[in-house]
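Below is one structure, written out as structure tokens; the observations come after it.
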Amino acid sequence: MPRQPNPNFMAGVPELMILRLLQDREMYGYQIVQAIRAETADVVSLGEGIVYTVLHALEREGALKPRRKTVEGRSRIYYSVTASGLRRYRDLAENWTTLAAAIRSVIKGARHAPAT
Amino acid sequence: MPLPLEPIREQLLRAGVTPRYASRYVRELREHLADLIERECASGFGIGRATERALRLIGSDADLARATIERGAPRSLAARAPWATFVILPVGLWMAMFAADIVSMMHLLWPVRGLAPSDMPESYRVLIALGSFIARYLIGALLAAGCIVVAVRQRLASGWIWVGLGLIALLTGILGFYMHVIPPQSGHTGEAVYSMTALVYLHGRVDLIATLGAWALHAAVLFAIAAAAYHALRARLMPPILT
């Protein structure tokens, strides 16, 4: 079967990070954006407002479960990962690990290639 | 001046997104905005500058609305199938409610069947007036109001809304619950007969032209009232999008 061309390289990255972060604890949108920034040392920065379109899409797919919670007098929607979300995360992580290994291999090869 | 992020709700609604989803999205964005303002204030900015910076960080209204629509935000049934929402559903409901009214009246008036209104207890005369009011005005008014509320709430401007309002007006104009009093004649006491439409009698016979005219007039008045209400609400609650 012919291989599919790789889609946009960033496609699936926000979903992957969100699904990974929410496995540790439930979070609301603002916390998720800050956590992604902190975990990636500001290399990946998810749009502050765009995060909700990703969260809602994952929720519609059944990967996330929202619940409204009031903490310190402020009501917010917290998200947590579902069993389906965990499966989705494993698939995404596997794809990215394979892709990253392939890219690393190319970079190493180029670095050791003799100059012409 | 609209509240911050309010134009997003308008853009989502006009794209057919469900009002419930649009409200939730805007509420979450506002909560996020409040967190960003708090953070910017903690960094030493005044409230005005902090709000300005937070709004820039959260993204432009147009970009956020577009991203949400492209990500497949849920669309309302009224946007996906306006013919069902504004025609099939209200007409079906109209028929069901009308049938319920007529069946209830037949059942409740059974003990006084054939009696002239003057021979009936007062409570039955009130009941007849109520049943007539429900069938001739209330059902149509409720369903037309329902269509208008859905259309305005979801910022829809479909031609199906006019079709639905027209059909409701037509049904309400033609059908109803009517009592006709037959006056006493030699050898007979008067009686009341009931019908599901208004019939105009001339010289003791139903006059077709006058009957059709009465139906058309009733329907036209109801349609004009509904159209005026819809037009006024649209003008008041559907302002041009401000970005």
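So the sequence lines, in the order shown, correspond to chains V and F.
In terms of the working numbering, the first sequence opens at residue 2 and continues consecutively.
In terms of the working numbering, the second sequence opens at residue 79 and continues consecutively.
Where is the CB? At the ideal position from N, CA and C, for every residue including glycine.
**Message:** Considering only the alpha carbon of each residue, which of VAL278/F, LEU286/F, PRO262/F, GLY291/F lies closest to LEU248/F?
**Reply:** GLY291/F
**Asked** PRO189/F: buried (16+ other C-beta within 10 angstroms of its C-beta) or exposed?
**Response** exposed
**Item:** Where THR71/V falls, given that 16 or more other Cβ within 10 Å makes a residue buried
**Value:** Residue burial annotation: THR71/V is exposed, with fewer than 16 other C-beta atoms found within 10 angstroms of its C-beta.
**Request:** Pick out whichever of ASP141/F, HIS296/F, LEU277/F has its Cα sitting closest to the Cα of VAL259/F.
**Result:** Per the Cα distances, LEU277/F.
**Boundaries of the alpha helix (DSSP H) in which GLY48/V is found, first to last residue** = Unbroken run through GLY48/V: none, as it is neither H nor E.
**Selected residue, minimal CA-CA separation from TYR31/V, among ALA294/F, ILE136/F, LEU295/F** = ILE136/F
**Chain-ordered residues of the stretch 51-65 of chain V with a beta carbon less than 9 angstroms from chain C** = The structure shown contains no chain C; the protein chains it does contain are V and F.
**Item:** Own chain, CB closer than 7 angstroms to ARG131/F, minus 5 neighbours either side, in chain order
**Value:** GLU118, PHE123
**Request:** State yes or no: is the C-beta of ILE246/F within less than 7 angstroms of the C-beta of PRO168/F?
**Result:** Annotated as proximal: ILE246/F and PRO168/F, with beta-carbon spacing under 7 angstroms.
**Prompt:** At a Cβ threshold of 7 angstroms, is GLU109/F touching chain V?
**Reply:** Yes, contact with chain V.
**C-alpha gap between LEU47/V and ALA39/V, whole angstroms** = 11 angstroms
**Item:** Straight-line gap, ILE108/V to LEU100/V (C-alpha atoms, nearest Å)
**Value:** Distance between the alpha carbons of ILE108/V and LEU100/V is about 12 angstroms.
**Prompt:** What's the gap between the Cα of LEU81/F and the Cα of GLU62/V?
**Reply:** 31 angstroms
**Asked** Could one say the Cβ of ALA145/F lies closer than 7 angstroms to chain V's Cβ atoms, at least one of them?
**Response** yes
**Asked** Nearest to ALA227/F by alpha carbon, out of MET257/F, GLU116/F, ARG314/F?
**Response** The sequence as given places Val at residue 227/F; Ala does not occur at that position. Of MET257/F, GLU116/F, ARG314/F, the smallest CA-CA separation from VAL227/F is found for ARG314/F.
**Message:** With DSSP as the reference, identify every bridge partner of HIS258/F, one or two as the case may be.
**Reply:** VAL271/F
**Collapsed DSSP secondary structure at MET173/F in the structure displayed** = helix
**Message:** Does the structure place the stretch 47-57 of chain V close enough to the stretch 136-155 of chain F that three or more beta carbon pairs sit under 8 angstroms?
**Reply:** yes
**Asked** Going by the CB atoms, is the gap between LEU243/F and ALA304/F shorter than 7 angstroms?
**Response** yes
**Where PRO262/F falls, given that 16 or more other Cβ within 10 Å makes a residue buried** = exposed
**Item:** Start and end residues, beta strand (DSSP E) containing THR71/V
**Value:** 65-72
**Asked** Would you say ASP179/F and ILE212/F are within 7 angstroms of each other, going by their C-beta atoms?
**Response** yes
**Asked** If you run the structure through DSSP and keep just helix, strand and coil, what is GLN32/V?
**Response** helix
**Asked** From VAL14/V, ILE19/V, ILE33/V, pick the residue whose C-alpha is nearest to that of GLY86/V; which is it?
**Response** ILE19/V
**Request:** Please determine, among ARG127/F, ILE287/F, SER182/F, VAL95/F, the residue with the shortest C-alpha to C-alpha distance to LEU208/F.
**Result:** SER182/F
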